[in-house]
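Chemist: In this text, residue positions in the sequence shown follow the UniProt record's numbering: the first is 1, and each later residue adds one.
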Amino acid sequence: MNGDGMIVVAGAGPAGLMLAAELTLAGAEVMVLDGLPERSPYCRGFNLNARSLELLDRRGIAGRFLAEGPVVPAGMFADPARPLDLTVMDTDHPYVLGIAQTRVEELLEQWLAELGVPVRWGHRVVGLEQDAGGVEVTVESGGRRRRTRAAYLAGCDGSRSLVRKRAGIGFPGTPATRYGVLADVELADPAALPFGMTNGERGTVFVIPRPGYVRIVLDDPEPPADRDEPVTLPRFQRLLDDQLGRRVELREPRWLTRFGDAARLADRYVAGRVVLAGDAAHIHPPTGAIGVNVALADAVNLGWKLAATALGHAPGGLLDSYHDERHEAGERLLSTIRAQSALAGHDPALAPVRALFGELVDRVPGAGKYLAELATGVSTRYDPKIPGDHPWLGRLAPNLELTLDGRRTSVAELLRPARPLLLRLGDRPLPAAGGRVDTCDARCPGRPGLEGLLIRPDGHTAWVSTTSDPQPDSTLATALATWFGAAAERQAAQRRGLVP
Ligand SMILES: Cc1cc2nc3c(=O)[nH]c(=O)nc-3n(C[C@H](O)[C@H](O)[C@H](O)COP(=O)(O)OP(=O)(O)OC[C@H]3O[C@@H](n4cnc5c(N)ncnc54)[C@H](O)[C@@H]3O)c2cc1C
1 MNGDGMIVVA GAGPAGLMLA AELTLAGAEV MVLDGLPERS PYCRGFNLNA
51 RSLELLDRRG IAGRFLAEGP VVPAGMFADP ARPLDLTVMD TDHPYVLGIA
101 QTRVEELLEQ WLAELGVPVR WGHRVVGLEQ DAGGVEVTVE SGGRRRRTRA
151 AYLAGCDGSR SLVRKRAGIG FPGTPATRYG VLADVELADP AALPFGMTNG
201 ERGTVFVIPR PGYVRIVLDD PEPPADRDEP VTLPRFQRLL DDQLGRRVEL
251 REPRWLTRFG DAARLADRYV AGRVVLAGDA AHIHPPTGAI GVNVALADAV
301 NLGWKLAATA LGHAPGGLLD SYHDERHEAG ERLLSTIRAQ SALAGHDPAL
351 APVRALFGEL VDRVPGAGKY LAELATGVST RYDPKIPGDH PWLGRLAPNL
401 ELTLDGRRTS VAELLRPARP LLLRLGDRPL PAAGGRVDTC DARCPGRPGL
451 EGLLIRPDGH TAWVSTTSDP QPDSTLATAL ATWFGAAAER QAAQRRGLVP
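(1) Expressed to the nearest angstrom, what Euclidean distance is found between the alpha-carbon atoms of R273 and A12?
(2) Alpha carbon to alpha carbon, what distance is there between A281 and E136?
(3) Given this structure, state the Cα-to-Cα distance separating M6 from A299, to the nearest angstrom.
(4) At what residue ranges does the segment 383-449 contain a whole run of the beta strand (DSSP E), taking only runs of 3 or more?
(5) Taking the alpha carbon of K305 as the reference point, which residue from S341, G485 and F46 has its own alpha carbon closest?
(6) Would you say the segment 170-189 touches the segment 206-222, given that touching needs at least three Cβ pairs under 8 Å?
(7) If you pair each beta-carbon of the segment 256-273 with each one of the segment 383-398, do three or more pairs fall below 8 Å?
(8) Taking only the alpha-carbon atoms, compute the straight-line gap between L153 and N199 and give it to the nearest angstrom.
(9) Is it right to say Q110 is buried, meaning 16 or more other beta carbons lie within 10 angstroms of its own, or is it exposed?
(10) Measuring only the C-alpha atoms, how far is Q491 from D320?
(11) When you measure from the CB of T148 to every non-hydrogen atom of ligand 1, does any distance come out below 8 Å?
(12) Taking three-plus beta-carbon pairs below 8 Å as touching, is the segment 85-105 in contact with the segment 36-53?
(13) Taking 8 Å as the cut-off, does the segment 59-66 touch the segment 115-131 (at least 3 CB pairs, one atom from each stretch)?
(14) Which residue marks the beginning of the alpha helix (DSSP H) containing P14, and which one marks its end?
(15) With hydrogens ignored, establish whether the beta-carbon of G330 is closer than 8 Å to any heavy atom of ligand 1.
(16) Got a sec: does ligand 1 put a non-hydrogen atom nearer than 8 Å to the Cβ of A280?
(17) For a minimum of 4 consecutive residues, which ranges assigned as the alpha helix (DSSP H) are wholly contained in the segment 140-223?
(18) Which value, in whole angstroms, describes the spacing of the CA atoms of M197 and P391?
(19) For L19, collect the residues of the same chain with a Cβ closer than 7 Å to its Cβ; drop the 5 residues on either side in sequence, then sort them by chain order.
(20) Using the three-state DSSP reduction, which class does I455 fall into: helix, strand or coil?
(21) Hey, how far is the Cα of M89 from the Cα of F77?
(22) Skipping 5 residues on each side, what residues in its chain have a beta carbon closer than 8 Å to that of Q243?
(23) Can you say whether V275 is buried or exposed, counting buried as having 16 or more other CB atoms within 10 angstroms of its CB?
(24) Where in the segment 247-325 do unbroken runs of the beta strand (DSSP E), each at least 3 residues long, occur, reported from the N-terminal end onward?
(25) Who are the Cβ neighbours of D267 in its own chain at under 7 Å, not counting the five residues just before and after it?
(26) Compare the beta carbon distance of G69 and A372 with 9 Å and say whether it is the shorter of the two.
(27) Determine the extent of the beta strand (DSSP E) in which D34 is found, giving its start and end residues.
(28) May I ask you to report which of helix, strand or coil DSSP gives G377?
(29) For S335, which three-state DSSP category applies?
(30) Given this structure, state the Cα-to-Cα distance separating P420 from P234, to the nearest angstrom.
(31) Counting beta carbon pairs with one atom in the segment 359-376 and one in the segment 437-455, are three or more of them shorter than 8 Å?
(32) State the DSSP-derived secondary structure class of Q471, mapped to helix, strand or coil.
(33) Assuming contact is defined by CB atoms lying nearer than 9 Å, are A418 and I337 in contact in what I supplied?
(34) Given this structure, state the Cα-to-Cα distance separating A314 from E229, to the nearest angstrom.
(35) Give every residue of the same chain whose Cβ lies closer than 6 Å to the Cβ of P57, excluding the five residues on either side of it in the sequence, and list them in chain order.
(36) With a CB to CB cut of under 8 Å and the five nearest residues on each side skipped, what residues in its chain are close to G98?
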């Protein structure tokens, strides 16, 4: 194993798989390692939200996921009795897709294989040392240790990330104070416990229907001192019966586990030649069912920036913008999840807050939309670093329908190669972006006033101009230089003696 420009991705969960695909599309050489001998059969998450589907759309693969499960036009923000209407969101996918996390991972791994990158299962990263030029990664496989040199190491190795720890990245936040247990089991009598929430004598029990079994989630009021001690069926059964105040017999356990409500955020997403994404960078309680989705969002933000940096054509500060944008998104995520956890908890002192919050959502126009777009990340906006107040600026560009060379296409279709895109849409002559940016002369019949749109590979709007609010070419030049480094590219070519 060697390769000086190579990027090693540690971990083949949602973050690692998506990141590896994005890096590959951007032209980087990638090696994906996972310590497990094969994918774990245990399924943590069960959904993809609107933002994830939008991102997958922009790679042309959303259909593979949508073919797998039902879509539900309602979500939840803390209170299961008050579903959030997702149809009001500004998105092509105003719903949540029910899909097992394991299946999401299989489909991503399949797509990555189509791009020519296999996952090396049974390869655990056990050490790293970085210097100015790269990272020496120690990998254990088949009982042997080997060292491999990488330009960058991406820690997508989950919540207990070895990469994060060995890179010396802090993980401040709040430790777990409450624990829950879950069991994927069968009910001896399927009618004994309804799906959804049941308020028992001493606790609340959630039952989620799964094909051929149910997932039951409970509080674990007295967790063992060793939080990693396995959860046994007899213990889970005792907790369930105790909280319900009656016996509901369980059988055929598939998976039992414990989880806590710790919430932490890496203090650096980029530390020299090491980057973090997904659970390695942030942990939070499963409330909100969002972790897979945030992992994908991290990966799509990071991929093009890390590839450009490793390939030597990134403008200064591009990789740091990954930290700036996703750390801020992580702070927002943790704060939103903490709010949901507090509202969903049992603290009677918060009952009036819960009631008031519910009234606000029900009665204030737009409040439900705001919450739905916040909880799903649909309203995520990054600092565009140019002046302007167009509502698209910094946000995921809408999937506009376009005509190009007499045929119909869309923003999502043009973004499939994961390259920067300059759309020249009006009569005003805009300069060509050149270099690594695809320039397209298209028409947008639905938005006749739109003059031009510059879109980053992750789909976010970097510049937009309309006839009613025309933006000067100079801000377009600034946006191009900020994200795609026309100047940096020229300097690199000069260094190679290609241009004077
Ligand atoms: C009970 C529960 C329910 C959840 N429900 C939902 C839900 O409904 N919706 C949702 O969106 N999210 C949910 N989540 C969160 C979601 O599962 C995680 O956020 C998501 O898996 C994070 O993806 P990741 O790729 O960052 O990490 P992981 O999925 O944890 O993947 C990390 C990978 O790294 C590998 N690895 C670890 N260490 C090393 C090493 N040293 N070297 C090489 N490989 C290594 C692991 O084997 C693993 O394959 C839930 C989580 C829990 C615990």
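Where a beta carbon is used, it is the ideal one built from N, C-alpha and C, also for glycine.
Modeler: Reading it off the structure:
(1) 19 Å
(2) 21 Å
(3) 17 Å
(4) 401-404, 407-410, 421-424 and 438-441
(5) G485
(6) yes
(7) no
(8) 47 Å
(9) exposed
(10) Caution applies to Q491, whose pLDDT of 45 falls short of 50 and renders its modelled position unreliable; the model cannot decide the point.
(11) no
(12) yes
(13) no
(14) P14 to L25
(15) no
(16) yes
(17) 162-166
(18) 39 Å
(19) V9, A154, C156, A277, A299, L302 and G303
(20) strand
(21) 14 Å
(22) G200, E201, R202, G203, T204, V205, L218 and D219
(23) buried
(24) 250-260, 263-265 and 274-276
(25) I169, G170 and P172
(26) no
(27) V30 to D34
(28) coil
(29) helix
(30) 56 Å
(31) no
(32) coil
(33) no
(34) 46 Å
(35) Checking the displayed sequence, the identity of residue 57 turns out to be Asp instead of Pro. Cβ neighbours of D57 beyond the five flanking positions: A412.
(36) F46, N47, G69, P70, V71 and V72
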